[in-house]
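Peer 1: Input: one structure, supplied below.
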Amino acid sequence: MRKAVLFRSVLRFLDQGAEVVEAVYMWKRHRLMVPFTVATFLGMVFVAGWAGWEDWATRIVIGLAAGAIAVMASTDYKVLARTSQGTFLYDASRFRQVAIGSPDRLPADVTIEPFGGTVLATDWAVGDSIYTVPKSSESAMGRIAGQET
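This is how it looks when you write it as structure tokens:
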């Protein structure tokens with residue numbers, strides 16, 4: 217179901233009759249995401265205290281909520297799609313795994329290769345950028361990169 221929704225979101229940007237071969241939702245964090253998140257958390261804990269919340273548990277929850285928002289704000293979400301018209305990189309929604317606009321056609325000789333990862337996700341180099349891809353989409357990413365058939 218999720219894959220069908222992702223494919224339909226990419227099809228909206230293609231010419232009539234074009235097909236989506238493969239698509240992957242991925243993200244990349246800004247290099248200053250951690251200090252930005254920590255500063256946001258600490259700032260909101262301080263502001264909550266200044267605003268009159270005396271309970272430390274409430275202050276911490278407010279700081280955690282602000283920190284979660286800071287993480288999302290410092291993350292760039294993309295959809296990489298191989299289509300019958302070429303390979304494209306789309307801006308993606310933060311909440312739903314769909315392409316929302318600004319397609320960039322990647323050159324035919326762009327380098328797409330695994331870069332590292334964890335148990336839950338794999339890092340892939342797409343050109344000069346490193347993106348994180350969920351393990352569930354690792355085989356699709358390999359097919360886009362031309363490493364699997």
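Each position in the sequence shown, counted from 1, maps to that position plus 216 in the numbering used here. The beta-carbon is built from N, C-alpha and C at its ideal position, and this holds for glycine as well. All figures in this text were calculated on a predicted structure; none of them were measured in a lab.
Mapping the DSSP letters down to three states, classify ARG312 as helix, strand or coil.
Peer 2: coil
Peer 1: According to DSSP, is SER355 helix, strand or coil?
Peer 2: DSSP places SER355 in helix when its eight states are reduced to three.
Peer 1: Please determine if the segment 311-326 and the segment 251-266 are in contact, where contact requires at least 3 C-beta pairs separated by less than 8 Å.
Peer 2: no
Peer 1: Determine the direct distance from the alpha carbon of TYR241 to that of TYR293, and round the result to whole angstroms.
Peer 2: 8 Å
Peer 1: Which residues in the same chain as THR274 place their Cβ atom closer than 8 Å to its Cβ, once the five residues preceding and following it in sequence are excluded?
Peer 2: ALA264
Peer 1: Express the C-alpha separation of ARG247 and ALA234 in angstroms, rounding to a whole number.
Peer 2: 36 Å
Peer 1: Would you report the Cα separation of GLU238 and ALA308, rounded to the nearest angstrom?
Peer 2: 15 Å
Peer 1: From what residue to what residue does the beta strand (DSSP E) around LEU296 run?
Peer 2: 291-299
Peer 1: Can you tell me whether DSSP reads THR338 as helix, strand or coil?
Peer 2: strand
Peer 1: What residue range does the alpha helix (DSSP H) around PHE257 cover?
Peer 2: 249-266 is the span of the alpha helix (DSSP H), which, as asked, contains PHE257.
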